[in-house]
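One structure is given here, and the rest of the page talks about it.
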Amino acid sequence: MGTLTDILRLAKERAEKMGLPYEGALTPQEAHTVLQLAPGSRIVDVRTRAELDWVGRIPGAIEIEWNSYPGGVPNPHFVTHLKKQADPESLLLFICRSGARSHNAAIAATEAGMPDCYNVLEGFEGDKDANGQRGRVGGWRHAGLPWQQS
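According to my numbering, the sequence shown is numbered sequentially starting from -1.
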């Protein structure tokens, strides 16, 4: 897959091309490699408790809801919880179901002064397939990366 420097450079170039306001955008495989190569890096799963319980979890992830379930109400304490659970100097890799909420979480963390924020593209479940179902096209789980069912 390459060295940590190569992966982070590619993620930064990808973010620049996409006009993203945070440090970089990683594929699930790249994110997993970063977690292995960068001591202190953390994955921050921003899915709801229901998603974590029913769909699956990433072992060792920091879990902070971006939106609550039910209702989808934004978590007004997201950044406060993040600062309590993560070293602000760590590489933080944000993930959700498909990459949308984690994109917003990476923006919020960057705006709060956390310098090394990355979004995990495709998320945990990936895009919908032709039948409108997730989990078969892209994503952390589809890539065969570590996860566990509750």
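Even glycine gets a Cβ: it sits at the ideal position worked out from N, Cα and C.
Quantities reported herein were computed from a predicted structural model and do not represent experimental measurements.
Every beta strand (DSSP E) stretch that sits fully inside the segment 100 to 136 and reaches 3 residues is listed by chain position as 115 to 118.
Rounded to whole angstroms, the separation of the alpha carbons of G17 and G111 is 19 Å.
Classified as buried, D43 has 16 or more neighbouring CB atoms from the shown chains inside 10 Å of its CB.
Contact check for A106 against V71 fails: the beta carbons are separated by 7 Å or more. Between the C-alpha atoms of T46 and R55 there is a straight-line separation of about 11 Å.
Burial check for A128: the Cβ neighbour count within 10 Å stays below 16, so the residue is exposed. Buried is the label assigned to A59, since at least 16 other Cβ atoms lie within 10 Å of its Cβ. Looking at the DSSP output, F92 sits in a beta bridge with V42, N117.
In this structure, I93 sits away from V53, with a CB-CB distance that is not shorter than 7 Å. For I56, the secondary structure class from DSSP, reduced to helix, strand or coil, is coil. In the displayed model, A23 falls within a strand according to three-state DSSP.
With a cutoff of 7 Å on beta-carbon distance, A13 and A29 are scored as not near each other. In the three-state scheme derived from DSSP, where H, G and I count as helix and E and B as strand, Q34 is classed as helix.
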